[in-house]
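Asker: Can you keep this structure in mind? I'll have questions shortly.
Numbering (full-length UniProt numbering), first residue to last: 1 to 193.
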């Protein structure tokens, strides 16, 4: 989707379909122009501030983005999932739903690992770029294994998403889990595999 306004409207509609807000609560939410408590740089160029959710109040210190998970029932999503399975050789049966994320101006994701030493861990990540970003081109993808064959987290997989300085960044993530991959990516006792 190349039109950011249409994408925003779609994400809002999806959110509104999933979250039911009472009229009393709706009145408590607000939209205003903020000068950041008198910040000189914001007095002449105020920021539009929209309070769309009040519980829990909080701002992520590691990620600024909007996202939605798309289920396999959609034919386009099913085709994307099949393509990822064909490329990686891994089963999608234990994979998470396809996550589509939008990073607007200032959107970013601090350095992190996709694996966290849990049971049925994310064995691999497939990241698809859906818009032109920096040196990457729309339709490009990257794939990596989050775990060594012995099950330990591969510390070389720490990654981040740099702040968006211009335009919008659209990506889709497919996280593939360990269960169901036993014959497709067999385990090893070697520390280095």
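Think of the CB as a built atom: it goes at the ideal place given N, C-alpha and C, for glycine as much as any other residue.
For residue 177, which beta-bridge partners are listed by DSSP?
Answerer: Looking at the DSSP assignment, residue 177 forms a beta bridge with 122.
Asker: Using the DSSP secondary-structure output, state which residues sit across from residue 140 in a beta bridge.
Answerer: Note: residue 140 sits in no beta bridge, so no partner.
Asker: Compare the beta carbon distance of residue 108 and residue 64 with 8 Å and say whether it is the shorter of the two.
Answerer: Yes. Within cutoff.
Asker: On the three-state DSSP scale, how would you describe residue 186?
Answerer: Looking at residue 186 - three-state DSSP - the assignment turns out to be coil, as it is neither helix nor strand.
Asker: Take residue 67 as the anchor and find which of 44, 38, 97 and 46 has the nearest alpha-carbon.
Answerer: Selected option, being the one with the closest Cα: 97.
Asker: Report the partner residues of residue 159 according to the DSSP bridge assignment.
Answerer: Residue 159 is bridged to 112.
Asker: My output table needs one value for residue 35: the three-state DSSP class, helix, strand or coil.
Answerer: Three-state DSSP puts residue 35 in coil, outside helix and strand.
Asker: Please classify residue 91: does DSSP put it in a helix, a strand, or coil?
Answerer: DSSP places residue 91 in coil when its eight states are reduced to three.
Asker: Can you give the Cα-Cα distance for residue 186 and residue 169, rounded to whole angstroms?
Answerer: When rounded, the distance between both Cα atoms is 35 Å.
Asker: Going by alpha carbons, who is nearest to residue 105 out of 173, 125, 161 and 190?
Answerer: With distances taken between Cα atoms, residue 105 lies closest to 161.
Asker: Considering only the beta carbon of each residue, do residue 151 and residue 93 sit closer than 8 Å?
Answerer: The answer is no: Cβ separation not under 8 Å.
Asker: Starting from the C-beta of residue 145, find all residues in its chain whose C-beta is less than 7 Å away, skip the five residues before and the five after it, and write them out in chain order.
Answerer: 123, 124 and 154.
Asker: For my contact list, residue 184 and residue 91 are in at a C-beta cut-off of 8 Å; report their separation, rounded to the angstrom.
Answerer: Their Cβ separation, rounded to whole angstroms, is 6 Å, which keeps residue 184 and residue 91 in contact under 8 Å.
Asker: Below 7 Å CB to CB, which residues in the same chain sit around residue 89 once its five sequence neighbours on both sides are set aside?
Answerer: Excluding positions up to five away in sequence, the list reads 184.
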